[in-house]
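>
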Amino acid sequence: GAVLPFEDINDTPKIDYAKCTGCGICVSRCPGLACFVIDLTYSEDKAVIKLPYEMLPLPEKGQTVKCLGRDGAEIADGEVVAVTEPSKDKTYVVSVAIPKDKYDDIRAIKVVC
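Going by the working numbering, the final residue of the sequence shown carries number 1144, and the count climbs one at a time with no gaps.
(1) In the DSSP output, what is C1098 paired with across the bridge?
(2) Identify which residue in K1133, V1125 and L1071 has its Cα closest to the Cα of P1088.
(3) Which value, in whole angstroms, describes the spacing of the CA atoms of S1118 and E1091?
(4) Is D1076 helix, strand or coil when you go by DSSP?
(5) I'd like to confirm the pairing. Which residues does DSSP put opposite D1070 in its beta bridges?
(6) Determine whether the beta carbon atoms of I1080 and I1137 lie at a separation below 7 Å.
(7) With DSSP run on the structure shown, which of helix, strand or coil describes S1118?
(8) For I1056, which of helix, strand or coil comes out of DSSP?
(9) Whole-angstrom Cβ separation of C1069 and G1109, contact assumed at under 8 Å?
(10) Taking K1097 and K1131 to be in contact with their CB atoms under 8 Å, please state how far apart those CB atoms are, rounded to whole angstroms.
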């Protein structure tokens, strides 16, 4: 695959981008929840970020969620466009449409009930 082997679970994942197809398998399989995918082609003003998600409640497609930065601060609202159930792992992949100008800042979501 595109994810290069690493010795320790705490190592930062390294990607061979020449082999990466954007499939997102790495997002659900990364044991440290460190992999995510950014799709800048979603629309003119929105990007989609695919994030690993292991919390409850699980968001639903169409739901508005709070998008958080690395420090946990709320940055923007996002719309859940897909929730992919894991095939072998316990980690869901949540795809969220976000403001395109915030793609480099958003790294997590918070479900608001």
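Just so you know, even glycine gets a beta-carbon here, dropped at the ideal spot from N, CA and C.
Being a predicted model, the structure only gives us computed values, none of them experimental.
In short:
(1) Residue pairing for C1098: DSSP places it in a beta bridge opposite A1107 and I1140.
(2) Looking at the Cα atoms, V1125 is the closest of the given residues.
(3) Taking the Cα positions, S1118 is about 18 Å away from E1091.
(4) Of the three classes helix, strand and coil, the one that applies to D1076 here is coil, per DSSP.
(5) BP columns for D1070 point to V1079.
(6) Contact: yes.
(7) In the displayed model, S1118 falls within coil according to three-state DSSP, outside both helix and strand.
(8) Reduced to three states, the DSSP call for I1056 is helix.
(9) At residue 1069 the sequence reads Ile, which differs from the Cys that was named. For a cut-off of 8 Å, the C-beta gap from I1069 to G1109 is around 13 Å, too long to register as a contact.
(10) Distance from K1097 to K1131 at the Cβ level is roughly 18 Å; contact not present, criterion being Cβ atoms closer than 8 Å.
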